[in-house]
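Presented below is the structure to which this report refers.
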Amino acid sequence: MTTNVTTTLPEASDGPLFRFRVPQGFHEVPLGVTPEAHAELLQEFAREYWGQGAELEPLRAMTGALYGAARQALAAQGVRYQAVGVFPRREFVEGRTGIPGEEGEPLPYVRNTLLATVRDLNSPDQDLAAAGIAELLFRQYPDDEVVRVSLPAGPAVLHLAASRLLWGGPDTPDQLAGTVRTTVRLELWIPFPSGDRILLLALTTPDTGDLDTHQALLAEVASTVEFPVEGDFLPDEPADSGAQINPFG
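Each residue of the sequence shown is one higher than the one before, counting from 0 in numbering that gives the first Met the number 0.
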């Protein structure tokens, strides 16, 4: 099951910018809400997903804190879509005891956030735009993985980066306070056919051991990205139930 996402410029009336599909497991967090409303949405999401049991409060608090770390991105110019994702961990073994996430017990789910951002660009075409972005990322982040890829929507650039985050502050759950966690960010830079804008899909996760899962999820979303032709999208084609998603080769 997938959900269609179509975006437009808030100030424009000349039709949609792009659309894509997200698989079941992504939960949209509306843009433009206050920090307090955003935090409440995440709390409601954690309660709904994990349940109301008192013993699961540490897990709910940790989930809210991890996803809440992406809240600052909402203020970034050009952000059009944000979702939090929770997906079953494929290798999780049934019958474990204790609270997941405590005393080394792995969580039964992998978590991530997905952002779609539109930025202005001045380029004559998609290929030149992709080449320029790849060169810029190579120079700016020489230790990161930067790969040019081909999508149904056109040429794109994949950027894989890792960062370390020190948890602190009054809203940090006790089990996270003072800890250092590594997060991975997968970026897909997709130039518009017109060359005047670029779509940035960014998936961030603290579950670094499940990189293949997150890469496959981003590849699934990216394979459905469409830009309008003469102001409208092409008719939807029937989904191929046997299609395999190749996570960028």
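Every residue gets a Cβ at the ideal spot worked out from N, C-alpha and C, and that includes glycine. Since the model is a prediction, treat every value here as computed from it, not as a measurement.
Residue pairing of E27 in beta bridges, as defined by DSSP: A82. In this structure D209 is buried. Its beta-carbon is surrounded by 16 or more other beta-carbon atoms within 10 angstroms. Of the residues assessed, P154 falls on the buried side of the cut-off, its CB having 16 or more other CB atoms within 10 angstroms.
The C-alpha of N121 lies about 44 Å from the C-alpha of P107. A Cβ-Cβ distance of about 20 Å is found for the pair P22 and L159, leaving them out of contact under the 8 Å criterion.
Closest by C-alpha distance to T181, out of F191, T204 and I197, is T204. Under the three-state reduction of DSSP, L16 is assigned to coil, being neither helix nor strand. Nearest C-alpha to A161 among T178, D142 and R196: D142. In the displayed model, L120 falls within coil according to three-state DSSP, outside both helix and strand. Between R118 and G77, the C-beta spacing is below 7 Å. Residue burial is scored here from C-beta neighbours: D195 has fewer than 16 other C-beta atoms within 10 angstroms and is therefore classed as exposed. In terms of CA proximity to V28, Y80 leads the group Y80, E56 and Y140. Note on geometry: alpha-carbon atoms of L157 and R184 lie some 10 Å from one another. Boundaries of the alpha helix (DSSP H) harbouring R138: Q125 to Q139, taken from the DSSP string. One Cα belongs to P227, the other to E56, and the distance between them is close to 45 Å. Measuring C-alpha to C-alpha distances from L199 to each of P87, R18 and L114 identifies L114 as the nearest. Counting only runs of 4+ residues, the alpha helix (DSSP H) found wholly inside the region 202 to 232 occupies 210 to 221, in chain order. The C-beta separation of A152 from V83 comes to about 24 Å, leaving the pair out of contact by the 8 Å criterion. Here L187 is not near A133, since their CB atoms are 7 Å or more apart. Excluding the 5 residues flanking it on each side, H213 has same chain C-beta neighbours closer than 8 Å at V109, N111, V183, L185, L202, T204 and D206, in chain order. Counted as a single uninterrupted DSSP element, the stretch harbouring T178 is not any beta strand (DSSP E), since DSSP gives it neither H nor E.
Spanning the alpha carbons of V145 and G52 requires a straight line of approximately 43 Å.
In the DSSP assignment, S193 falls outside any beta strand (DSSP E) and carries neither an H nor an E. The Cβ neighbour count for L40, taken over all protein chains shown within 10 Å, is at least 16; the residue is labelled buried.
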